[in-house]
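Number of protein chains: 2
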Amino acid sequence: MMSQVLSEQALGVRAFAALLRAHASSTRRLNAQLSADHGLTISDYEVLLRLSRAPERRMRRVDLAEEVLLTASGITRLLDGLERSGLVDRGSCDGDRRVVYAVLTEAGRDKLRTASATHLVQVDELFSERLDEEELERVAELLGKLGDGDGADTACAPDD
Amino acid sequence: MMSQVLSEQALGVRAFAALLRAHASSTRRLNAQLSADHGLTISDYEVLLRLSRAPERRMRRVDLAEEVLLTASGITRLLDGLERSGLVDRGSCDGDRRVVYAVLTEAGRDKLRTASATHLVQVDELFSERLDEEELERVAELLGKLGDGDGADTACAPDD
DNA sequence: TCGCTACTATTGACTACGCAAGCAACTATA
DNA sequence: TATAGTTGCTTGCGTAGTCAATAGTAGCGA
Numbered sequence: 047m048m049s050q051v052l053s054e055q056a057l058g059v060r061a062f063a064a065l066l067r068a069h070a071s072s073t074r075r076l077n078a079q080l081s082a083d084h085g086l087t088i089s090d091y092e093v094l095l096r097l098s099r100a101p102e103r104r105m106r107r108v109d110l111a112e113e114v115l116l117t118a119s120g121i122t123r124l125l126d127g128l129e130r131s132g133l134v135d136r137g138s139c140d141g142d143r144r145v146v147y148a149v150l151t152e153a154g155r156d157k158l159r160t161a162s163a164t165h166l167v168q169v170d171e172l173f174s175e176r177l178d179e180e181e182l183e184r185v186a187e188l189l190g191k192l193g194d195g196d197g198a199d200t201a202c203a204p205d206d
Numbered sequence: 047m048m049s050q051v052l053s054e055q056a057l058g059v060r061a062f063a064a065l066l067r068a069h070a071s072s073t074r075r076l077n078a079q080l081s082a083d084h085g086l087t088i089s090d091y092e093v094l095l096r097l098s099r100a101p102e103r104r105m106r107r108v109d110l111a112e113e114v115l116l117t118a119s120g121i122t123r124l125l126d127g128l129e130r131s132g133l134v135d136r137g138s139c140d141g142d143r144r145v146v147y148a149v150l151t152e153a154g155r156d157k158l159r160t161a162s163a164t165h166l167v168q169v170d171e172l173f174s175e176r177l178d179e180e181e182l183e184r185v186a187e188l189l190g191k192l193g194d195g196d197g198a199d200t201a202c203a204p205d206d
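Residue numbers (the numbering used here), protein chains in the order written: chain A, 47 to 206; chain B, 47 to 206.
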């Protein structure tokens, strides 16, 4: 009776295994490239990117955390690093003194621009190497359904 | 001219972003469940699983590392934990004294069996909740192409 | 047999997170 | 206003994983 259940489960379980492998393999490669070329992790990049498209290039830390799927403490530490590198600044919020904005600096914008130039090419190389256009579209769509609830905009290039 | 390049890249880049979100969201949830219910991480589970299906329920550490996409040192530390918990044992290899087998113990088999009972259900719940059968098959296939080269057998249930 | 290179495994130092706990500031309720 | 509950952020501590360096073993060619 267990094996009955198991065979029904095989599909989801197989999909998960494939997800684990695809993620490990692609992030290892892209993270290595991004950090060698620019000293950034993928999460760093994602944060800079979100900030660059936010109004006034700033966001509350909670919101940022939610968008890049980190916890509150994760975002604090990540931003510590970006602040030390001068890519992000802190800004206070009139009207609610609990919140501390993360604000993209000029240096941060520059960094994002130069990092994008190589990173986006590398991402696309990796994926186009293995899937054709139709497949890429489909996999993005299906993975979107597996993401956390609100399928936020997931485009990955800075606006300008 | 940059924007030209960017629009061509959008597909792979979007797929990658979706992969990151889908992975973070599903592993966080499943890891939490697996560790709450059984004190195992997903990697622990994967290792126990591979061992359970290997001849004589044992594998060289290098091979294990490659299968679960960890580095050599990563496997050493992971196995340290499983050894401390008595789920895995060390075995030496006549003929090549460099290699140390990781051997699944009886306790390890039991653990894997009981963990599977809940874990597989949870994995499947998560995925079936969001994708139908045809979609699951398709996403597993596409993700398979993104995995590291040799698309090893990725089934996720113990044999017995 | 001696060295040379390749491979397996481990260790130390480090990073990137997560969780739980805590503080400070806001909101609501009375 | 007091009091209670909630939210935003930070901090201490623990864990999982990486990389670089090391040691032991294997196997080869001179």
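Glycine included, each C-beta is placed from N, C-alpha and C at the ideal position.
Below-8 Å beta-carbon distance, residue i vs any chain B residue
{"i": "A:Ala-118", "result": "no"}
{"i": "A:Gln-50", "result": "With a pLDDT of 43 at A:Gln-50, under the threshold of 50, the modelled position of that residue is not reliable, and no figure is offered here."}
{"i": "A:Glu-179", "result": "yes"}
{"i": "A:Arg-96", "result": "no"}
{"i": "A:Ser-71", "result": "yes"}
{"i": "A:Asp-90", "result": "no"}
{"i": "A:Leu-80", "result": "no"}
{"i": "A:Ala-148", "result": "no"}
Beta strand (DSSP E) segment containing residue i, residue limits
{"i": "B:Ala-100", "result": "Segment: none, B:Ala-100 is in no beta strand (DSSP E) and carries neither H nor E."}
{"i": "A:Leu-150", "result": "146–150"}
{"i": "B:Glu-137", "result": "For clarity, residue 137 of chain B is Gly in the given sequence; the question names Glu instead. Run containing B:Gly-137: 134–138, per the beta strand (DSSP E) assignment."}
CB contact check: residue i to chain A, cutoff 8 Å
{"i": "B:Arg-176", "result": "yes"}
{"i": "B:Val-93", "result": "no"}
{"i": "B:His-84", "result": "no"}
{"i": "B:Ala-153", "result": "no"}
{"i": "B:Asp-170", "result": "yes"}
{"i": "B:Leu-36", "result": "This structure cannot speak to residue 36 of chain B, because chain B is shown only from 47 to 206."}
{"i": "B:Cys-139", "result": "no"}
{"i": "B:Thr-200", "result": "With a pLDDT of only 43 at B:Thr-200, under 50, the local geometry of the prediction cannot be trusted, and the value read off the model is given with reservation. Closer than 8 Å to some Cβ of chain A, the Cβ of B:Thr-200 qualifies, so yes."}
Among the options, nearest to residue i - alpha-carbon criterion
{"i": "A:Asp-142", "options": "A:Leu-125, A:Arg-106, A:Glu-92", "result": "A:Arg-106"}
{"i": "B:Leu-128", "options": "B:Arg-184, B:Arg-74, B:Ser-89, B:Glu-180", "result": "B:Ser-89"}
{"i": "A:Leu-125", "options": "A:Glu-92, A:Glu-102, A:Asp-140", "result": "A:Glu-92"}
{"i": "B:Ala-100", "options": "B:Thr-122, B:Glu-171, B:Arg-155", "result": "B:Arg-155"}
{"i": "A:Ala-118", "options": "A:Ala-148, A:Gly-137, A:Cys-139, A:Glu-102", "result": "A:Ala-148"}
{"i": "B:Leu-57", "options": "A:Leu-192, A:Glu-171, A:Leu-65", "result": "A:Glu-171"}
{"i": "A:Arg-136", "options": "A:Phe-62, A:Arg-103, A:Ala-61, A:Leu-192", "result": "A:Arg-103"}
{"i": "B:Leu-150", "options": "B:Ala-63, B:Leu-97, B:Ser-81", "result": "B:Leu-97"}
{"i": "A:Arg-130", "options": "A:Gly-193, A:Ala-153, A:Asp-109, A:Glu-180", "result": "A:Ala-153"}
{"i": "B:Glu-112", "options": "A:Glu-187, A:Arg-67, A:Asp-178", "result": "A:Arg-67"}
{"i": "B:Val-108", "options": "B:Val-146, B:Glu-179, B:Glu-181", "result": "B:Val-146"}
Residue i vs residue j beta-carbon contact at 8 Å
{"i": "B:His-84", "j": "B:Ala-161", "result": "yes"}
{"i": "A:Gln-168", "j": "A:Leu-76", "result": "yes"}
{"i": "A:Leu-189", "j": "B:Val-185", "result": "yes"}
{"i": "A:Leu-94", "j": "A:Leu-158", "result": "yes"}
{"i": "B:Lys-191", "j": "A:Arg-176", "result": "yes"}
{"i": "A:Phe-62", "j": "B:Phe-62", "result": "no"}
{"i": "B:Ser-71", "j": "A:Gly-120", "result": "no"}
{"i": "B:Ser-81", "j": "B:Thr-87", "result": "yes"}
Extent of the continuous alpha helix (DSSP H) run through residue i
{"i": "B:Asp-109", "result": "107–114"}
{"i": "A:Asp-126", "result": "118–130"}
{"i": "B:Gly-190", "result": "179–192"}
| request: Below 9 Å between beta carbons is the criterion; list the residues of the stretch 181–196 of chain B that meet it against any residue of chain A, in chain order. | output: Identification of residues in the stretch 181–196 of chain B having a C-beta nearer than 9 Å to some C-beta of chain A yields Glu-181, Leu-182, Glu-183, Arg-184, Val-185, Ala-186, Glu-187, Leu-188, Leu-189, Gly-190, Lys-191, Leu-192, Gly-193, Asp-194, Gly-195, given in sequence order.
| task | Report the residues of the stretch 108–132 of chain B with a CB closer than 9 Å to any CB of chain A, ordered along the chain. | result | For the stretch 108–132 of chain B, the set of residues with a beta-carbon nearer than 9 Å to any beta-carbon of chain A comprises Val-114, Leu-115, Leu-116, in chain order.
| query | the stretch 57–69 of chain A: which residues have C-beta closer than 9 Å to a C-beta of chain B, in chain order? | reply | Answer set for the stretch 57–69 of chain A: Leu-57, Gly-58, Val-59, Arg-60, Ala-61, Phe-62, Ala-63, Ala-64, Leu-65, Leu-66, Arg-67, Ala-68, His-69.
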